[in-house]
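Just so you know, we're using my numbering here: the sequence shown kicks off at 2 and counts up by one. So the structure is just underneath, and the comments pick up after that.
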Amino acid sequence: MVRITKEELLEKLFHDDYRQLKGKRLRMTRLRVPGKEVCLAHIISSSQTCVYQNLGLHIGIHEGEDHTGESIGLIRFTPWEAVVVAADVAVKSADVQIGFMDRFCGSLIVTGSLSEVQAAVEEVVRFFKEDLGFHACDIHKS
Numbered sequence: 002m003v004r005i006t007k008e009e010l011l012e013k014l015f016h017d018d019y020r021q022l023k024g025k026r027l028r029m030t031r032l033r034v035p036g037k038e039v040c041l042a043h044i045i046s047s048s049q050t051c052v053y054q055n056l057g058l059h060i061g062i063h064e065g066e067d068h069t070g071e072s073i074g075l076i077r078f079t080p081w082e083a084v085v086v087a088a089d090v091a092v093k094s095a096d097v098q099i100g101f102m103d104r105f106c107g108s109l110i111v112t113g114s115l116s117e118v119q120a121a122v123e124e125v126v127r128f129f130k131e132d133l134g135f136h137a138c139d140i141h142k143s
């Protein structure tokens, strides 16, 4: 996949009209195109307290728990409902906890030790790619 700049995208979209539109305010909208894709798969190897708090992982059933230093796995899907299957695959493939799951935007966050989070994210991506035929991105780590 080749990346292009915003200006190159606008030029491609508007062709000859681009010169007339250049410098004017344009409104871009984002829409969901149903597809079968793992859009994001990222592992944060060792988190800090501020990361857990900003993600809201210290509230709800995790209130009062200190997860500082644990790893976080972030995965995003289309269609959004696929996150339910992904959560099931993640907890059955490794000793991880569901930190957050949103079936209305396709986001899944799993937490646990680095090796367990890595195993869960890898198995989810593999399952969706090989068994369900989804297009899957590479897994990134930080």
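A virtual CB, placed ideally from N, CA and C, is assigned to each residue, including glycine. What you are looking at is a predicted structure, and each value in this text was computed from that prediction instead of being measured.
- Message: Restricting to Cα atoms, I'd like to know which of Glu66, Cys40, Ile44 is closest to Thr50.
- Response: Counting from 1 along the sequence shown, the entry for residue 50 is found at position 49. The option with the nearest alpha carbon to Thr50 is Glu66.
- Are Ala42 and Val118 close, meaning C-beta to C-beta below 8 Å? As a first step, residue 42 is located in the sequence shown; it is residue number 41 there, counting from the start. As a first step, residue 118 is located in the sequence shown; it is residue number 117 there, counting from the start. Not closer than 8 Å, so no.
- Query: Does DSSP put Leu109 in a helix, a strand or coil?
  - Reply: Taking the sequence shown and counting its residues from 1, one reaches residue 109 at position 108. Note: Leu109 maps to strand in three-state DSSP.
- Task: Rank Lys142, Ala83, Val111 by C-alpha distance to the C-alpha of Gly57 and give the top, closest one.
- Result: Numbered from its first residue, the sequence shown carries residue 57 at position 56. It is Val111.
- Residues near Ser108 by beta carbon distance below 6 Å, same chain, minus five either side: Here residue 108 corresponds to residue number 107 of the sequence shown, with the count starting at 1. Once the five neighbours on either side are set aside, the close Cβ partners of Ser108 are Arg77.
- May I ask you to report which of helix, strand or coil DSSP gives Leu1? Beyond the ends of the chain as shown, which are 2 and 143, falls residue 1; an answer cannot be given.
- Task: Report yes if the C-beta distance between Ser48 and Ser72 is below 8 Å; otherwise report no.
- Result: Here the question's residue 48 lines up with position 47 in the sequence shown. Here the question's residue 72 lines up with position 71 in the sequence shown. It is a contact, given that the beta carbons lie within the stated cut-off.
- Query: Taking all protein chains shown into account, do 16 or more other C-beta atoms lie within 10 angstroms of the C-beta of Val3, making it buried, or fewer, making it exposed?
  - Reply: Taking the first residue of the sequence shown as 1, we reach residue 3 at position 2. When all chains shown are included, Val3 counts as exposed.
- Task: Would you decide whether Gln21 is buried or exposed? Buried here means 16 or more other CB atoms lie within 10 Å of its CB.
- Result: Taking the sequence shown and counting its residues from 1, the one referred to as residue 21 is at position 20. Answer is exposed; the Cβ neighbour count stays below 16.
- Query: When burial is assigned at 16 or more other CB atoms within 10 Å of the CB, is Ile5 buried or exposed?
  - Reply: Position 4 of the sequence shown, counted from the first residue, corresponds to residue 5. By the 10 Å Cβ count, Ile5 comes out exposed.
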